[in-house]
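See structure below.
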Amino acid sequence: MWRIASKLNKKQKTKLVTTLIHSRIDFCNALLVYLKDCDVKRLQKVQNAATRFIYGQRERRGVTQLRKKCHFLPIRERIDYKICLLVYKSLHIAAPGYLSDMIQYRTPNSHYMRIDDDTTQLKVIRDNELNYKTLTRKAFSVAAPRIWNRLPREIRTATSLGSFKTSLKSHLFSIAYECP
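In my numbering, the protein residues as written are 2 to 181.
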């Protein structure tokens with residue numbers, strides 16, 4: 002790609018990176034939940050190299066600000082984005098039955114009723130409830146509710162897929178880059 006970089010403008014380079022690099026990173030990235038840090042760093046290096054390609058910087062200076070300019074989420078946040086998107090579609094849109102059956106809303110406990118009891122949260126399978134022969138914490142039915150429940154209520158209660166995607170990306174972007 003570096004050979005043709007001089008013949009492309011920034012918009013074309015971004016399109017190329019999105020098509021060739023991000024599509025590969027995002028393919029089945031929901032399976033990468035709770036990936037080891039060393040493996041996430043390897044994927045992050047690929048994304049960082051792609052960002053450097055867009056801006057024509059070969060040297061290894063900090064690319065965080067460049068990634069921020071391109072509105073690219075880091076790898077961990079991309080994984081969380083994909084998981085949350087699958088959960089939203091499972092709860093609100095016609096999603097495959099096997100996904101919808103794996104998650105369910107939490108039911109309020111009558112013994113511990115709280116005024117702020119949030120009915121938009123999902124039932125979480127506790128570690129002591131896991132059958133390690135069949136379920137691990139990487140399983141969608143275990144990981145998805147944990148990630149979903151960390152989202153602010155305003156995002157979980159979005160009325161349309163478009164508004165959910167926009168608010169979710171903004172939220173994850175602010176977490177990744179510590180924006181106020």
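A virtual CB, placed ideally from N, CA and C, is assigned to each residue, including glycine.
Q) Distance, Cα to Cα, R147 vs K83? A) Stepping through the sequence shown from its first residue, residue 147 is reached at position 146. Stepping through the sequence shown from its first residue, residue 83 is reached at position 82. The straight-line gap from Cα to Cα measures roughly 14 Å.
Q. Below 9 Å between beta carbons: does that hold for V34 and A144?
A. One-based indexing of the sequence shown puts residue 34 at position 33. One-based indexing of the sequence shown puts residue 144 at position 143. Yes.
Q. What is the rounded straight-line gap between the Cα of F73 and the Cα of A177?
A. If you number the sequence shown from 1, residue 73 lands on position 72. If you number the sequence shown from 1, residue 177 lands on position 176. Rounded to whole angstroms, F73 to A177 spans 10 Å at the Cα level.
Q.
Please report the straight-line C-alpha distance between S24 and S171, rounded to a whole angstrom.
A. If you number the sequence shown from 1, residue 24 lands on position 23. If you number the sequence shown from 1, residue 171 lands on position 170. In a straight line, the C-alpha of S24 is about 20 Å away from that of S171.
Q | Same chain, Cβ closer than 7 Å to L44, neighbours up to 5 away in sequence not counted | A | Walking along the sequence shown from the start, residue 44 turns up at place 43. Contacts found: I26 and I76.
**Q.** Contact check, I80 vs A31, beta carbons under 9 Å
**A.** Stepping through the sequence shown from its first residue, residue 80 is reached at position 79. Stepping through the sequence shown from its first residue, residue 31 is reached at position 30. Result yes, Cβ atoms of I80 and A31 sit closer than 9 Å.
Q. In this structure, does DSSP put L123 in helix, strand or coil?
A. Taking the sequence shown and counting its residues from 1, one reaches residue 123 at position 122. DSSP places L123 in strand when its eight states are reduced to three.
Q.
Assuming L36 and T52 are in contact, meaning their beta carbons sit under 8 Å apart, how far apart are those beta carbons, in whole angstroms?
A. In the sequence shown, counting from the first residue as 1, residue 36 sits at position 35. In the sequence shown, counting from the first residue as 1, residue 52 sits at position 51. Between the beta-carbon of L36 and that of T52 there is about 20 Å, and that puts the pair past the 8 Å contact cut.
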